[in-house]
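Written out below as structure tokens is the structure these notes cover.
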Amino acid sequence: EPEVTQTPSHQVTQMGQEVILRCVPISNHLYFYWYRQILGQKVEFLVSFYNNEISEKSEIFDDQFSVERPDGSNFTLKIRSTKLEDSAMYFCASSISTGAEAFFGQGTRLTVV
Amino acid sequence: DQQVKQNSPSLSVQEGRISILNCDYTNSMFDYFLWYKKYPAEGPTFLISISSIKDKNEDGRFTVFLNKSAKHLSLHIVPSQPGDSAVYFCAASGDLSGSARQLTFGSGTQLTVLP
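Chains as they are written, first to last, in our numbering: chain A, 1 to 113; chain B, 1001 to 1115.
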């Protein structure tokens, strides 16, 4: 069964460093998303991406964040200068259409120290 | 700003009985509702969805009911199995300005099915 894959599964980084979280969405999906879940809190929407551009973004997705689809298969989330409060599980998701369910990857646990 | 609320953080049910998980929403623009199941250290797994034009959707042991006037939906699992033990998230989306719909999640309910 097709699935969304994320790498790495766990990333530890020093505060102020840049990190890139990688995702390979399901191949025939057109809509891509990043969500995060801080420990003990809700899953929160960060950004959606369609047709090679950001479709929507939340207040969390400030200038420190960026997304890119560098080729036909990868979808990346970059955090330019990490802060302690960026520590969370980051989930990539994709959907085949805007009204369809989103399928999630297994997540990347980001720990900022 | 809790647009999607799951007021029960946990629920315990005996194996074979019915599990009922509840969710309330406040945003009238939501027109598509989903339930996801999540195990520790894994991503949310899609379970079942319902469009606002329906009031019930069934898939095997899982049934979702939507009461639009009360802005309430529920997930019924019958019969419950120990493997159903997980955190269940309610999520909603609406026809907002963007072309890619974001999901707004509830805080989740930890379901424990006791053997």
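Ideal Cβ placement from N, Cα and C applies to all residues, glycine included.
What's the C-alpha gap between residue 1087 of chain B and residue 1013 of chain B? Here the alpha carbons of residue 1013 of chain B and residue 1087 of chain B stand approximately 14 Å from one another.
Which chain B residues are close to residue 106 of chain A, counting only those with a beta carbon under 8 Å from its beta carbon? Residues of chain B whose Cβ lies closer than 8 Å to the Cβ of residue 106 of chain A are, in chain order, 1041, 1042 and 1043.
Using a Cβ cut-off of 7 Å, which residues of the segment 65-94 of chain A contact any Cβ in chain B, in chain order? Correct list: 91.
Is there contact here, the segment 3-18 of chain A with the segment 36-53 of chain A, by at least three beta-carbon pairs under 8 Å? Contact fails: fewer than three Cβ-Cβ distances are below 8 Å.
To the nearest angstrom, how far is it from the Cα of residue 76 of chain A to the Cα of residue 33 of chain A? Note on geometry: alpha-carbon atoms of residue 76 of chain A and residue 33 of chain A lie some 10 Å from one another.
Residue 85 of chain A - DSSP class collapsed to helix/strand/coil: Three-state DSSP puts residue 85 of chain A in a helix.
With a cut-off of 9 Å, does the C-beta of residue 6 of chain A fall near any C-beta of chain B? It does: the Cβ of residue 6 of chain A has a partner Cβ on chain B nearer than 9 Å.
9 Å is my cut-off, CB to CB: does residue 18 of chain A come that close to chain B? Not an interface residue.
With distance defined between alpha-carbon atoms, name the residue in A/10, A/82, A/89 and A/61 nearest to residue 40 of chain A. Residue 40 of chain A has its Cα closest to that of A/89, out of A/10, A/82, A/89 and A/61.
How about residue 27 of chain A: is its C-beta nearer than 9 Å to some C-beta of chain B? By the rule that beta-carbons nearer than 9 Å mark a contact, residue 27 of chain A does not touch chain B.
Taking beta-carbon pairs under 9 Å, can you tell me which members of the segment 1050-1066 of chain B lie near chain A? Against chain A - using a Cβ distance shorter than 9 Å - the residues of the segment 1050-1066 of chain B are 1051.
For chain A, is any of its Cβ atoms less than 9 Å away from the one on residue 960 of chain B? Residue 960 of chain B is absent from the model: chain B starts at 1001 and stops at 1115.
When you compare the CB of residue 1021 of chain B with every CB in chain A, is at least one pair closer than 9 Å? No, its Cβ sits nowhere closer than 9 Å to a Cβ of chain A.
Element boundaries [beta strand (DSSP E), containing residue 12 of chain A]: Start and end: 10-13.
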